[in-house]
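Residue numbers (my numbering): 12 to 1217.
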Amino acid sequence: MTKKSIYIYILVLVINAQCVFAQSNSDSFSQITHTPGELIVRLRPDASPKELDALSRKLGAVSVSPVFLPMTPAGQHPRLRRNYLIRFPAEWALEPLQRRYARHSSVEAVEMNRLNRPCAEIVPNDPSYGEQWNLALMNMPQAWDIEQGNPEVTVAVVDGGVDMQHPEFRSQLWRNVGEVPRNGVDDDGNGYVDDLNGWDFSDAPTLPGNGDWKGRDNEPEDEIGHGTHVSGIIAAEANNRIGISGIAWRSRLMPLRAGFKYGGGGYLQNDDVAAAIVYAADNGAQVINMSWGDTVNAFIVEDAVAYAYARGCVMVAAAGNDGAAGSLYPAGLNTVISVAGLNIERQLYSDSNFGATIDIAAPGEEILSTALNGGYLNDSGTSMAAAHVSGVAALVRSENPDYTNAEVREALIRTADPLFISNLVGAGSLNAYTALTAPTALIVQINTARMFSQDAEPNNIEKIEIFGSAGGGEFTEYWLEYGIGEVPNLWLPLGTLKTKPKFNVCLYKWDTSTLTEGKYTVRLSVKSKTGEIKRDRTVVEVNHTAPLISAYESQAWFVGNSVTSVVLWQTDEISIGEIEIFQANGDSVRAVRSDSENLLHIVNLSDLGISPGAYKYRLFAKNRAGGLRIDDNNGSLYAVNVQDVPMNPLHLLQGTSTQRALHAVGTPVDLNKNGRLELITAEIGTNSAQIFEIEDNRSFKRIFSFAERFLPRAIMDTDNDGLMEILCNPPDVTFLLEQSAQGEFPTERIWEAPGKWGITIADADTDGTPEIFTRDNTTNSISVDEADGDNNYHNTATLENPTLGENRISANFAIGDFDGDGQTDILIGDSDGDIFIYEAIGNNQYRHTWTTTLPEGSPELFAAGDMDGDGKAEFAVCARAGTKVGAIELDNRYHHWLLTVFKSDGNDTYRPVWTQRIRDVRDGGNGMAIADANNDGRNELCIAVAPNFYLVQYDGVDYRPIWHHSATNTFNPIVVDINGAGTNVLLFNSNNTLTVFDRDSNSELSGRSTPVSVVATQRPRLRDAMYSPPNQISLNFDKPMGISATSAGRYRLHKYGSMDSEPEVYTPRSAMLDKTRQRVVLTFPLEVFQTGNRYQIEALQLSDIDGAALEDDARMLTITLPAPKLAETIVYPNPATCDQVTFDNLPAGTNIYIYDVSGNCIASLAKTDREREKKVWDLSNISSGIYIYVLSSDTDRHVGKLSIIR
């Protein structure tokens, strides 16, 4: 089921004699579809906001602002944060501007800021109509005997606000307990100041609205009445002896105003409703009511709905009041419950939408509810129907607090009362009582799965497997039918009537090979002995293609305390992935699906309970239309070695702890001069800053608490006055706290930098004065500040990001001498996978020396240190991978770490020497360090990635894990000699407490830890390259290549016109890795290749399936293009009986002349300008006979004869 989004709601107010303005502009409301002068733009993932700013300024924009506040979770969301609202003068035409943005390389999508319409109608305010017939229709009295709602269950109403002073809502509004009323402070840090009961997102200064519509604030007061009416249906107070009763009257309402008054109607802007939906999800709403809709599926609203659904919200929306088939958006989205409207006779409300995209129906005509100014009125529309479903959803969630949003949806739909018109309104009429009690006696459930048969079926017959259940109490029979489209006029039988119940089996295999591609509705009907019929149906899409499987690899991953075998593959469309494992003799062992429908599929073979050893496998991918692709390596299957090698947890022993989870500065100091080291810390979760002293017995004692909350990043004497300063990070500002005197704790703020994030303190330029390194959140650069006197600091350098794309710089970096030249190198990363190095070359002078792009992922963790003992520091980068495929964002379950260790091969040159994937990613604090944690004289890579901690050591040949322990969020692991005994201890958070780990002095490493090797391998080489006319190059490698080989951006073709000319450089349009994984086919634009030119193909930053990087001396090859000869030209048809003759396979620079037998030139064709070109001779006015063609170039000539028969 597909669905839509962006919304105009025309709501005519009920008018009394005092409302003189009400109909001033009402006749023109239906003409308004979008906000004048406003566009919404979504940037590409690799685009920079700077590019958007520059383009917008050039086009004359008044303002450019993110739709979602940067400090909110949505503002940090990888998809939502790319949405921007662009404002132009209201009188400007938007269509030309929209086209300009759409053509720009940085823009992924652009649309007008459309207006949404509330799905309600105007009816007379009949004061004598006081009965709530709608509640009886849904069996509410019986339902209230079971559940009346729960104050912990909140329903967010994204609408025009609510009359907050209405007596029915005095006790019903959600209360933000983290906010202190009217103190002008964002107490709970959610990005909204004084949002006590909700928020007003209405912000439409370019429209001539009325009342409150120009700016956002903390007062979601309704000025229209629509939101008030909807809210009363959901949760008006009951048993208060006034007015009406809401459905979930013990639950709470979160009013989120996104609509404003315009003349006599109301509108909601896309950017406002999207921000409101995200706010609801971030602030604890369990149900979100959206009684509005539009025919356009706006990407910004779709993104917001996906965001909220992923956070467990039940999404309910009005289907629309157009009296047409289909649902408006967002009701049309498959994560939203689409609600149609019924009248008192349980018939379809006259203007309600209907069809296969509807999920359920509820009362929607003449519904009595709350109105402005403490009043009540009747109103009609699917807006009201949606509110009924939201109210009952709150009851179901209250009664079943462990239900997921999908389970709440299932409870509502499966227990609906069937109607005569159920084919128009989904499951039927909402029944609150049955939704809270037992499911229906009859069981009817259907889903579909397309089978794309390759070997199992003759002639590649395409079938849809109709898989489901039909049975239950009083069952007698079931049958299947199908119809064309989403609202079929005619139902055609599928198979025959069946009298035996079936559960979770294939009910029918439907041959679709002869059907026209398009949408079809499949209906399953189950009948009881009493004649009751229950139905379920689904819409399927018939297409005759299946998804493609690409970029697959099998690797060893760190998973918990083991090294396990994982298979990863991609598909070109949203698919369900499956892998089947075989023994070496071909016997099937196990088949298992990847964990969800997606573009990326990951299966941990070691979790399947099969024994370690050599196996084979094949891959499956099934798309949403049911198309099935089987990749079995042309019948040979793929080989994989399954391992599950444990890491011995006994190498280091657990010691004392701080009894709480702390982020600590990595350098303990003795501030109070008592001979004991102190740790500068902040409590994780609260940022309560404290100082702990390390006692002689290695216990920890809290000796000081700071007055303000912050995250300490470093401590050093930055201005050489003998007093220590702490680099502190509260939100939105970095500052230094200095000791007032030696022996005192730092409490005096001597310097601050608003809008910056402190990273570290280091004397990078070795001038004797340390520099303060911060990230400038505005410019996304690294700012370097240095003291030029006591407590006086100035900026000495700015390290700009030298790369293009999405350049949000990471919050961490690494410092060291990576290439052994005696100069300090600074390693920095950004959000689209670039890492780059600046080198200090003198006092306050830095130069950019090196850049590379990681194969995948966004770098977040960095560490530097000498691990192989050569005197030069290696550096490690840990990137969050599995977050997207192309531009498609992936669910958190696919996120994992991709760790890469780099080594220098010379001055300012570096290469990756080891890569490793690590499963499980948790936000909240992760870190790395390189130090001698086990006191064996060699540095280890300390990796704190909750819920795991790893020690990795270089053994002279390769890197291997030597120890594992469970861990909780740790910003940076600490290795330090805490008591001056000459031995180090390791500190990180385990079980939410900062804990000491020490070497077991009674045993050697070799006796306590099982060595685990991560595949040692020779580095791959590019063996040869071959030109394949007209526009492809085939590259052959000597080893199977990894996923990086499929990235077109990692190849460069250098085209030389002459020995002296500068080469032209081309990037291929695509890179395809074949089944052997040793051949890559690159496709270029047709005009690239020409005879007489010299070409070199270069492969950049490729690695094989084991992660080994391409040898540096084997990454570039010269290509010789075989020049086509004129004699190889193909002329067809010959003889010609049609209206044209084609000359094919022509070399570049060929002239074609046609002569008759008398020697007269009767035609000539334009010179070819590329290799293997075709030219066509039109025979429209040519008579029968023999003709001579002459092909000539600067170096060749060919003559031929052709016959024309008319």
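All C-beta atoms, glycine included, are put in the ideal place defined by N, C-alpha and C.
The structure displayed is predicted, hence computed values, not measured ones.
Of the listed residues the options, nearest to residue i (C-alpha basis)
i, options, result
"Thr1287", "Thr926, Gly917 and Tyr961", "There is no way to answer for residue 1287, as the model of the chain reaches only from 12 to 1217."
"Val888", "Val896, Ser391 and Leu865", "Leu865"
"Asn1162", "Leu279, Ser1195 and Tyr1200", "Tyr1200"
"Ile621", "Gln654, Ile424 and Leu353", "Gln654"
"Leu1213", "Tyr1166, Phe212, Ser1191 and His674", "Tyr1166"
"Val600", "Asn802, Leu579, Asp156 and Lys627", "Lys627"
"Met735", "Asp583, Ala602, Asn802 and Ala417", "Asn802"
"Pro60", "Trp103, Val118 and Gly48", "Val118"
"Leu148", "Glu163, His399, Asp197 and Asn698", "His399"
"Val651", "Leu184, Ala752 and Ala595", "Ala595"
"Leu91", "His115, Val312 and Ala296", "Val312"
"Val1099", "Met326, Arg1181 and Leu1046", "Arg1181"
"Lys513", "Asn1145, Trp521, Ile495 and Ser480", "Ser480"
"Gly402", "Leu435, Val436, Phe431 and Leu264", "Leu264"
"Ala775", "Gly733, Val241, Val498 and Asn855", "Asn855"
"Ala1174", "Asn1192, Glu552 and Ile985", "Asn1192"
"Leu997", "Leu1005, Ile985 and Asn990", "Ile985"
CA-to-CA distance, residue j to residue i, given in whole angstroms
i, j, result
"Gly844", "Gly853", "29 Å"
"Tyr1143", "Leu1111", "43 Å"
"Val25", "Phe79", "With a pLDDT of only 23 at Val25, under the threshold of 50, the placement of this residue in the model should not be trusted; the figure read from the coordinates follows. Approximately 34 Å between the Cα atoms of the pair."
"Arg68", "Asp728", "44 Å"
"Ala367", "Asn554", "19 Å"
"Asp642", "Ile560", "7 Å"
"Asn332", "Trp144", "21 Å"
"Asp879", "Ser668", "32 Å"
"Ser41", "Asn127", "Note that Ser41 has pLDDT 35, beneath the 50 cutoff, so the model's placement of it is unreliable and no number is given."
"Leu909", "Asp931", "11 Å"
"Val134", "Gly375", "At Val134, the pLDDT of 31 sits below 50, so the modelled position is not reliable; the number obtained from the coordinates is stated separately. About 12 Å."
"Ser1001", "Ala944", "16 Å"
"Leu664", "Leu406", "51 Å"
"Thr2", "Gly304", "With the chain running from 12 to 1217 in the structure shown, residue 2 is simply not present."
"Gln34", "Gly868", "Residue placement at Gln34 is poorly supported in this model, since its pLDDT is 21, which falls under 50; the coordinates still yield a value, given next. Each residue's Cα considered, the two are about 56 Å apart."
"Arg6", "Gln176", "Lying outside 12 to 1217, the shown extent of the chain, residue 6 is not represented and no answer is given."
"Lys1066", "Thr1078", "11 Å"
"Glu584", "Pro558", "6 Å"
"Asn229", "Glu811", "38 Å"
"Ala892", "Val924", "19 Å"
"Asn308", "Leu50", "15 Å"
Identified DSSP bridge partners for residue i
i, result
"Cys1172", "Tyr1166"
"Pro266", "Val168"
"Arg1010", "Leu663"
"Val118", "Leu54"
"His1065", "Val1076 and Gln1107"
"Thr1094", "Gln1043 and Ser1081"
Beta-carbon separation (whole angstroms), residue i vs residue j, contact threshold 8 Å
i, j, result
"Ser256", "Gly160", "Not confirmed; about 11 Å, so no contact."
"Phe694", "Ala672", "Checking the displayed sequence, the identity of residue 694 turns out to be Glu instead of Phe. Going by Cβ atoms, the distance from Glu694 to Ala672 rounds to 7 Å, so yes, they are a contact pair."
"Arg922", "Ala957", "With a Cβ gap of about 30 Å, Arg922 and Ala957 do not count as contacting."
"Phe847", "Glu885", "That belief does not hold up - the Cβ atoms of Phe847 and Glu885 are roughly 17 Å apart, past 8 Å."
"Ala285", "Ala315", "4 Å"
"Ile737", "Pro723", "5 Å"
"Asp919", "Asp799", "The Cβ separation is near 30 Å, so there is no contact."
"Phe365", "Arg53", "So it is not a contact: roughly 32 Å between Cβ atoms."
"Asn208", "Cys324", "19 Å between Cβ atoms; not a contact."
"Tyr203", "Asp197", "6 Å"
Cβ pair count under 8 Å reaching 3, the stretch 1042-1054 against the stretch 1112-1126: yes
Segment contact flag, the stretch 568-581 with the stretch 865-877, C-beta cutoff 8 Å, min 3 pairs: Judged by Cβ distances under 8 Å, the stretch 568-581 makes no contact with the stretch 865-877, as fewer than three pairs qualify.
Any 3 or more C-beta pairs closer than 8 Å across the stretch 525-543 and the stretch 480-492: At 8 Å Cβ cutoff, the stretches touch.
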